[in-house]
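Quick mapping for you: the protein sequence lines, in order, are chains U and R. Note that this note's numbering numbers the first sequence so that position 101 is 101, with each residue one more than the last. Each number in this note's numbering comes from the position in the second sequence (counting from 1) with 217 added on. For glycine and all other residues, C-beta sits at the position ideal for the given N, C-alpha and C. Source: prediction; values computed, not measured. Worksheet: one structure, shown below.
Protein chains: 2
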Amino acid sequence: MRYHRIPAETVRRLPVYLNALLLSLQQGKSISSSELSAIVGINPLQIRKDFSYFGGFGTRGVGYNIEKLIKKIKKILKLDSHHQAVLVGAGNLGSAVLAYPGFAAYGFQIAAAYDSDPAKIGKTINNITIEDAENIINLKKKNIKIGIIAVPRQQSQAIAQSLVNAGVTGILNFSPCRLAVPKRVKVITINIATDLARLPFYMPADKKIGFALNKRA
Amino acid sequence: MRYHRIPAETVRRLPVYLNALLLSLQQGKSISSSELSAIVGINPLQIRKDFSYFGGFGTRGVGYNIEKLIKKIKKILKLDSHHQAVLVGAGNLGSAVLAYPGFAAYGFQIAAAYDSDPAKIGKTINNITIEDAENIINLKKKNIKIGIIAVPRQQSQAIAQSLVNAGVTGILNFSPCRLAVPKRVKVITINIATDLARLPFYMPADKKIGFALNKRA
DNA sequence: AATACTTTGTGAATACATTCACAAAGTATA
DNA sequence: TATACTTTGTGAATGTATTCACAAAGTATT
Ligand SMILES: NC(=O)c1ccc[n+]([C@@H]2O[C@H](COP(=O)([O-])OP(=O)(O)OC[C@H]3O[C@@H](n4cnc5c(N)ncnc54)[C@H](O)[C@@H]3O)[C@@H](O)[C@H]2O)c1
Ligand SMILES: NC(=O)c1ccc[n+]([C@@H]2O[C@H](COP(=O)([O-])OP(=O)(O)OC[C@H]3O[C@@H](n4cnc5c(N)ncnc54)[C@H](O)[C@@H]3O)[C@@H](O)[C@H]2O)c1
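See the structure below:
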């Protein structure tokens, strides 16, 4: 079981498989790579290769035991234990994240939320009372190692710094900017605007109807 | 100028460069690949290689003319014309997207929003009045070709179908599922939960203090 | 038990992406 | 104008990821 050496692209796909497998639990006991492929839209050969990186454990002629596979993927991704996270910035996006129930399936729980706006501090969303961002200290003692940043771009670096100082070693960042952090801290940035911005590149160009008519004439 | 042949990874980075360049416009007239690198956190060699795919246009010894570079990237990404989009699902996440002013910098404008909840239909967010999702028809006539999906997972496929029927050829999907669409339609899925789920994999394991003490003793 | 069929698993081949090494073309300075 | 310096640009080399071809190991059927 060589946990290192798992390709980054495989690590990116594993949670997608996990998501599909959790939904397939009711369907039956086992699932084949081609059935899984139909759900997630990833080539079955790729799926088998991905699983092979941490040791084959399907049964030939049948497929993969779903429960076993879920356990295995959770272990690889370190999702076999629960994770507490804090949210910083309870604005539009932050509130949506705070209200989302879907993180629990992966073992995540948002344990606290922070903002700097006095109008927001003290309010409660989804049973979490928003605290003053000044109080982001010693999260390690509460066993919190994940921070979610949803503050304006200009404030993100300072917040990242506070989180790291408080003991956070993993950050999910929604701000459209790079965060400078120590090497041991992992940052995953979700940049909604840049994802939207590459959509037109892949879209077909408009057909010029006038031109088509000209060709006909 | 071979617009095809641009690597997918380069297309992914171009909007990131664009974002940084728009912010650098005030700073000066030109920017070097290493200065840009400092902002975006991407190796300068990689940056130059990326730009070289659509023809070198920096000046050696100086760098790249920022305005010219912005124009060029916008053209490649087809962001030189404006794009109208519709949002479907004005819930927590959808409302955040609707309220976000940052898409305008890339030439995007949300022209309409839809929901199926009678309690939401008729409400106005950011000058957009939410319409009944039944009315997603003939968007092509209004020159709308981009749809943003922020409805619950179970409803996403049906909404995708409606959007495609209405003439949409590009979809930004926030639902944690695959969407089956015709080949000509491009889907980019942002799956916040799966991005969060691969964070623990990269985070350092806890140091067991007790064990460390034992070693000392 | 033999045969046909299904599905996993893997080394090798291919495709794709990044990095290297260095030439080319500019600026700045004496 | 020569020399030093800076920065871009690119073919080749290296590294990473995907796909191919096929063996291996199971199930189902006769
Ligand atoms: N909403 C979107 O669709 C969207 C899209 C792309 C990117 N983003 C990015 O996500 C981030 C959040 O966006 P949003 O739309 O929720 O913005 P928002 O303005 O609605 O929310 C930001 C929140 O952060 C709080 N805040 C500001 N400074 C703070 C500080 N120092 N400490 C703690 N809290 C602080 C504000 O009080 C506010 O509640 C931004 O960086 C934005 O660029 C959002
Ligand atoms: N909020 C998050 O942080 C988060 C994180 C990960 C994924 N997501 C995904 O994003 C999507 C939206 O999440 P959300 O938190 O905004 O959910 P939400 O429940 O707050 O909003 C969903 C909205 O869609 C509307 N809707 C339902 N069926 C519809 C239909 N047929 N046509 C039009 N509108 C319809 C609902 O009325 C509601 O307003 C979901 O698929 C969710 O899984 C959200």
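Give me the chain U residues within the contact set of T341/R, using Cβ-Cβ distance strictly less than 7 Å, ordered along the chain. Under the 7 Å cutoff, chain U gives no residues; its nearest Cβ is about 15 Å from T341/R.
Cross-chain neighbours of S95/U in chain R, by beta carbon under 8 Å: Residues of chain R with a Cβ closer than 8 Å to the Cβ of S95/U are, in chain order, N309, A313.
Threshold first: 3 residues or longer. Then list the beta strand (DSSP E) segments lying entirely within the stretch 313-359 of chain R, N to C. If we require 3 residues or more, the beta strand (DSSP E) runs fully inside the stretch 313-359 of chain R come out as 325-332, 345-349.
Residues, ordered as in the chain, of the stretch 290-309 of chain R that lie near chain U by beta-carbon distance below 9 Å: Going along the stretch 290-309 of chain R in chain order, one finds I293, L294, K295, L296, S298, H300, A302, G308, N309 with a Cβ nearer than 9 Å to chain U.
Output yes or no for whether 8 Å exceeds the beta carbon distance between V88/U and V151/U. For V88/U and V151/U, yes; Cβs fall inside 8 Å.
Under 8 Å, with one C-beta from each stretch per pair, do the stretch 283-292 of chain R and the stretch 351-368 of chain R reach the 3-pair mark? No contact exists between the stretch 283-292 of chain R and the stretch 351-368 of chain R.
If the cut is a Cβ gap below 8 Å, which residues of chain R does A112/U touch? Those do not exist, as A112/U stays about 16 Å from chain R at its closest Cβ, beyond 8 Å.
Check distances from the C-beta atoms of the stretch 348-380 of chain R to those of chain U and list, in chain order, the residues that come in under 7 Å. So the close ones are K362, I363.
Quick one: measure Cβ to Cβ for Y331/R and V303/R, integer angstroms, because I've assumed they're closer than 8 Å. Contact flag correct, Cβ pair sits at about 7 Å.
Taking 8 Å as the cut-off, decide whether the C-beta atoms of L416/R and I146/U are in contact. I146/U is positioned such that its CB atom lies closer than 8 Å to that of L416/R.
Does the CB of G102/U have a neighbour CB from chain R at under 8 Å? By this cut-off, G102/U is an interface position.
From the DSSP secondary-structure annotation, give me the bridge partner or partners of A302/R. DSSP, once it has assigned bridges, lists I327/R, I363/R as partnering A302/R.
What is the residue span of the beta strand (DSSP E) that I388/R lies within? Looking at the DSSP string, the run of the beta strand (DSSP E) that includes I388/R is 387-390.
Work out the CA separation of V16/U and E9/U for me, nearest whole Å. Taking the straight line joining both Cα atoms gives about 11 Å.
Contact set for R82/U: own chain, Cβ-Cβ below 7 Å, skip 5 residues either direction: Inspection of the sequence shows that residue 82/U is occupied by His rather than by Arg. Closer than 7 Å at Cβ, skipping near neighbours: G107, Q109.
What does G384/R reach in chain U if we use C-beta pairs closer than 8 Å? Chain order gives no chain U residues near G384/R, where near means a beta carbon separation below 8 Å; the closest approach is about 11 Å.
Taking the Cβ atom as the reference point for each residue, do G319/R and A90/U lie within a distance shorter than 8 Å? The Cβ-Cβ distance between G319/R and A90/U does not fall below 8 Å.
Return yes when at least one heavy atom of ligand 1 lies under 7 Å from the C-beta of K120/U, else no. For K120/U, the CB falls within less than 7 Å of some heavy atom of ligand 1.
Would you mind stating whether L356/R and V385/R have Cβ atoms separated by less than 8 Å? A contact, by the Cβ cut-off of 8 Å.
Looking at the C-beta of N390/R, does it have a partner C-beta in chain U at a distance below 8 Å? Chain U contact via Cβ: absent.
Report yes or no: is there a C-beta of chain U within less than 8 Å of the C-beta of L416/R? At least one CB of chain U lies nearer than 8 Å to the CB of L416/R.
Closer than 8 Å, CB to CB, is I66/U near chain R or not? Cβ-Cβ to chain R under 8 Å: no for I66/U.
Any beta carbon of chain U sitting closer than 8 Å to that of T411/R? It does: the Cβ of T411/R has a partner Cβ on chain U nearer than 8 Å.
Consider the Cβ of V181/U: report whether some Cβ of chain R lies at a distance smaller than 8 Å. It does not; no Cβ of chain R falls within 8 Å.
Sort out for me which residues DSSP pairs S30/U with in a bridge. Residue pairing by DSSP puts S30/U in a beta bridge opposite N65/U.
Is it the case that the CB of N127/U approaches a heavy atom of ligand 2 more closely than 7 Å? Not under cutoff, so the answer is no.
Compare the C-beta of K337/R with all C-beta atoms of chain U and state if any pair is closer than 8 Å. No - not a single Cβ of chain U is within 8 Å of the one on K337/R.
Leaving aside the five residues before and after I121/U along the sequence, list all residues of the same chain whose C-beta is less than 8 Å from its C-beta, in chain order. The answer, listed in chain order, is D115, I130, E131, D132.
Between the CA atoms of G61/U and L23/U - distance to the nearest angstrom: If I take the Cα positions, the gap works out to 23 Å.
For V381/R, tell me which candidate among I361/R, Q371/R, S249/R has the shortest Cα-Cα distance. Distances from the alpha-carbon of V381/R to those of I361/R, Q371/R, S249/R put I361/R closest.
Along the chain, where does the beta strand (DSSP E) that runs through K403/R open and close? Run containing K403/R: 403-406, per the beta strand (DSSP E) assignment.
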